[in-house]
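Chemist: Just dropping this structure here.
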Amino acid sequence: MQTCSVVIPVYKVLPNEDELISYSRCLFVLREYDIVIVSHKELDLSFYINYARQYGKEISVYYFDKYYFKGISGYNLLMYTNAFYKRFINSEYILIYQLDAYVFSDQLKFWCSGKYIYIGAPILREDINQKKIYYGCNGGFSLRKINEFLTIYETNWYRKYVNVHINQTRAKWLGYLKIPCFLVAAFIAKHNIRLVLPRSTKQEDQFWSDVFTLPPLKEASNFSLEKEPSYWYKENQGILPFGCHAWEKYEKTSFWMKHIEGIKE
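All you need for our numbering is the position in the sequence shown, starting with 1, plus 312.
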């Protein structure tokens with residue numbers, strides 16, 4: 313079993329200028345690892361494959377249904393399916409590397425040797441008192457432990473749905489009559505959790521942040537940054553993290569231009 317596969321979701325034939333910076337950096341820094349593009353069969357991936365060869369890298373391609381690559385909602389659904397994680401059963405971890413991510417140095421083995429099941433850039437939100445609360449870890453540049461993710465789909469997958477609904481039914485006999493429906497829902501959850509989640513659950517990284525124990529805030533910020541990178545950079549005594557996400561969106565020219573080569577205003 314290999315330690316980690318670097319997984320790059322690809323949605324279009326050609327990357328834009330910023331995405332090419334991200335892709336190039338991945339190929340340069342993480343070239344010693346298995347790099348896998350996930351996409352659909354109708355998309356021409358020849359640019360990505362040939363470009364990787366310039367770095368002496370042969371990349372793998374795993375195909376999934378086209379629906380998963382039509383937008384954010386499709387990608388979220390893919391990240392909920394156990395079929396996705398099962399494709400990487402021969403890896404202990406996967407590093408999700410969206411093409412708006414950037415890796416500064418090869419710390420992958422270090423992070424894979426840690427105890428975390430899921431880690432990404434810290435997500436903070438303000439509560440009603442405008443106090444920032446550590447809410448979760450971003451999924452765009454995130455490390456995921458395959459075995460633990462797959463366990464979620466297998467452990468007591470039917471009891472969760474049968475028992476809860478019986479206990480919430482006033483007439484217990486009515487609850488038992490509903491068992492077949494709940495078993496169907498549970499079976500669906502075994503393969504795709506998103507299909508039985510409340511509609512309010514939108515982002516897959518929010519869901520996994522709730523499922524698994526979050527890493528300490530400082531550890532998450534040492535792993536990756538997203539929003540307010542200049543603030544976290546100061547908090548971490550001027551030390552860059554392993555990587556970052558959405559660098560073209562947050563403080564691109566005011567902060568990241570100093571640390572990422574090739575950025576243009």
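The beta-carbon is built from N, C-alpha and C at its ideal position, and this holds for glycine as well.
#1: Return helix, strand or coil for Ser-536, following the three-state DSSP convention.
#2: Please state whether DSSP places Glu-404 in a helix, a strand or coil.
#3: Alpha carbon to alpha carbon, how far is Asp-418 from Leu-342? Give it in angstroms, no decimals.
#4: Could you give the distance in angstroms between the alpha-carbon of Ile-500 and the alpha-carbon of Ile-349?
#5: What's the gap between the Cα of Gln-366 and the Cα of Arg-337?
#6: Would you call the region 314 to 321 in contact with the region 415 to 431, where contact means no fewer than 3 C-beta pairs closer than 8 Å?
#7: Going by DSSP, name the residue or residues bridged to Tyr-428.
#8: Just tell me which of Ile-320, Asn-459, Ser-351 and Lys-570 has its CA closest to the CA of Phe-376.
#9: When you compare each of Ala-413, Asn-328, Ile-320 and Glu-516 to Phe-554 by their alpha carbons, which one comes out closest?
#10: Find the nearest neighbour of Ile-320 within the set Asn-548, Asn-328 and Asp-346, judged by alpha-carbon distance.
#11: My output table needs one value for Gly-555: the three-state DSSP class, helix, strand or coil.
#12: Pick from Val-325, Pro-527, Glu-573 and His-571: whose alpha carbon is nearest that of Ile-435?
#13: How would you label Tyr-543, buried or exposed, when you count the other beta carbons within 10 angstroms and need 16 or more for buried?
#14: Distance, Cα to Cα, Gly-285 vs Met-391?
#15: Can you confirm whether the region 394 to 401 touches the region 459 to 468 when touching is taken to mean that 3 or more C-beta pairs between the two stretches lie within less than 8 Å?
#16: Taking the alpha-carbon of Ser-454 as reference, which of Leu-537, Glu-573 and Ser-358 has the nearest alpha-carbon?
#17: Helix, strand or coil: which one does DSSP assign to Gln-515?
#18: Identify the residues that DSSP records as bridge partners of Pro-321: which are they?
Modeler: In this structure, then:
#1: strand
#2: strand
#3: 6 Å
#4: Caution applies to Ile-500, whose pLDDT of 49 falls short of 50 and renders its modelled position unreliable; the value that the coordinates give is listed next. Whole-angstrom Cα-Cα distance: 27 Å.
#5: 13 Å
#6: yes
#7: Bridge partners of Tyr-428: none, in fact.
#8: Ser-351
#9: Ala-413
#10: Asp-346
#11: strand
#12: Pro-527
#13: exposed
#14: Within the shown structure, residues of the chain are numbered from 313 to 577, placing residue 285 beyond reach of any answer.
#15: yes
#16: Leu-537
#17: coil
#18: Val-350
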